[in-house]
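> Basically my numbering = 1-based index in the sequence shown + 576.
All residues carry an ideal CB built from backbone N, CA and C; glycine is no exception.
Because the structure is a prediction, the values reported are computed rather than measured.
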Amino acid sequence: MLKLVKISFGSAISLFIASLIGLNNATSAGVITLLTIQDTSKETIIITLKRVAAFFVATFLSYIIFYIAGFNAVAFGLFLLLFMVCCRFLKLNAAVSSNAVLVTHYLIKGSMELPFILNEALLLLIGAGVGTLLNLYIPGKIKEIRHTQHILEEDLKLVLLRMSQYIVKEDKTDYTGTCFHKLLADVDEGEKHAYAYMNNTFFQESKYFMEYMQMRRQQCMVLKDIYKKIVSLTFIPSQALQISEFIRNISVSFGESNNARELLDELGNLTAEMKNSSLPVTREEFENRAVLYMILMDLEYFLQLKKEFADSLSDEQIRKYWNVNYKSLHT
577 MLKLVKISFG SAISLFIASL IGLNNATSAG VITLLTIQDT SKETIIITLK
627 RVAAFFVATF LSYIIFYIAG FNAVAFGLFL LLFMVCCRFL KLNAAVSSNA
677 VLVTHYLIKG SMELPFILNE ALLLLIGAGV GTLLNLYIPG KIKEIRHTQH
727 ILEEDLKLVL LRMSQYIVKE DKTDYTGTCF HKLLADVDEG EKHAYAYMNN
777 TFFQESKYFM EYMQMRRQQC MVLKDIYKKI VSLTFIPSQA LQISEFIRNI
827 SVSFGESNNA RELLDELGNL TAEMKNSSLP VTREEFENRA VLYMILMDLE
877 YFLQLKKEFA DSLSDEQIRK YWNVNYKSLH T
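This is the structure in structure tokens:
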């Protein structure tokens, strides 16, 4: 809705300004504003720069073609062909329509004298400039992202708690993977908000939420693998109790600002204990112990993903998004 209001208001403002200073074809300024406003601030700025660059190409080509072939339909068709080829080569495709409209003004007037070229340049600058200025303000997505983060982390805790319960249960008939549907849907929602936030801000730190969501998506994939291994257990070795307790500890201490270092240390101790425990007696025990060991490896990767994410953060990102001191986090 906000975008529609910006387009309507911005187009009217551009038309008013162009008419006020006496430009010919003032309505084109409003049309250019309509075409300029995109979903994000960065996209709007990029398309404006492309339109300005394409304007020089369009003016150069039309000047040569019209003064050689005349101001007629054939010459305009030839111009469009060459202009679209150039824009495709220069990756300026998004700027074709607006500049083609400006060139039709040359065709209708039958002249490309300098004052008229300046008239068209001002139409472009007013239309694109108003659209860009209006689209510099797009309401932030911080609240939406934070809300989605909270839901996502609660979902992950629930998944981990269920794992801690079912890894020691022999009957897993009611243990299904449906919980991952909502989990992945929340990640998708979070990535959508994070992308919008990243493309409406102009600071390196704005990538934080996108990288956070990507990390969580990878963790979700690891948890799905762990789920499959838990379901495959046909016998519950005694070591499953320790792993169950560890998974429960992960769920309790799970959170955005946990760098997973202590959990990785705890996992290292648990793995060492498992290696030093007595050898399995039966084939079934051996196979299921092997599954438990693979689950530990998956849990290590799960935690390592969070640790790597935490280690990659700058001091500014940690202060801004975690509200903790960088040095205290990395000591």
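By the 10 Å Cβ neighbour count, where 16 or more other Cβ atoms means buried, how is S904 classified, buried or exposed?
The pLDDT assigned to S904 is 40, lower than 50, so where the model puts this residue is not dependable; a value taken from the coordinates is nonetheless given after this. Exposed, by the Cβ-count rule.
> Flag this pair as yes or no: are the beta carbons of L700 and A676 separated by less than 8 Å?
no
> Return the residue from the list D841, M791, I684 that minimises the CA-CA distance to N600.
I684
> Which residues in the same chain have their Cβ closer than 8 Å to the Cβ of Q880, if we skip the five residues on either side of it in sequence?
A836, L840.
> Consult DSSP for Q614 and reduce its assignment to one of helix, strand or coil.
coil
> Which value, in whole angstroms, describes the spacing of the CA atoms of Q780 and H769?
Note on Q780: pLDDT 49, under 50, position unreliable in the model; no value is reported.
> Please say whether L610 and I583 have beta carbons closer to each other than 8 Å?
Between I583 and L610, the gap from beta carbon to beta carbon is short of 8 Å.
> Within 10 Å of its beta-carbon, does I644 have 16 or more other beta-carbons around it, so buried, or fewer, so exposed?
exposed
> Roughly how many angstroms separate the alpha carbons of N775 and L868, rounded to a whole number?
Whole-angstrom Cα-Cα distance: 43 Å.
> What residue from W898, T754, Y773 has the CA that sits closest to K804's CA?
T754
> Taking a contact to mean a Cβ-Cβ separation below 8 Å, would you say A704 touches T847 in this structure?
no
> Of the choices L889, F659, A630, C796, whose alpha-carbon is the least far from that of N834?
L889
> Below 7 Å CB to CB, which residues in the same chain sit around T635 once its five sequence neighbours on both sides are set aside?
I693, listed in sequence order.
> Buried or exposed: where does A602 fall if 16 or more other Cβ atoms within 10 Å of its Cβ makes it buried?
buried
> Hey, could you find the ends of the alpha helix (DSSP H) V679 is sitting in?
672-685
> For H906, which residues in the same chain have their Cβ closer than 7 Å to its Cβ, ignoring the five residues on either side in sequence?
The predicted model places H906 with a pLDDT of 41, which falls under 50 and marks its position as unreliable, so this point remains unresolved.
> Using a Cβ-Cβ cut-off of 8 Å (strictly less than) and excluding sequence neighbours within five positions of L760, which residues of its own chain qualify?
R793, C796
> Anyone know if the C-beta pair for I823 and I743 falls short of 8 Å?
Contact check for I823 against I743 passes: the beta carbons are separated by less than 8 Å.
> Taking just the CA atoms, how far does F830 sit from G586?
47 Å
> Taking the straight line between their C-alpha atoms, what separation do you get for S820 and V706?
60 Å
> Find out if the Cβ-Cβ distance for the pair A651, C663 is shorter than 8 Å.
no
> In angstroms with no decimal places, state the Cα-to-Cα distance between L875 and A772.
31 Å
> Considering V867, what are the terminal residues of the alpha helix (DSSP H) in which it resides?
859-888
> Is the beta carbon of I621 closer than 8 Å to that of T708?
Yes, the Cβ-Cβ distance between T708 and I621 is below 8 Å.
> In this structure, does DSSP put D747 in helix, strand or coil?
Look at D747 here: in three-state DSSP terms it is coil, with no helix or strand label.
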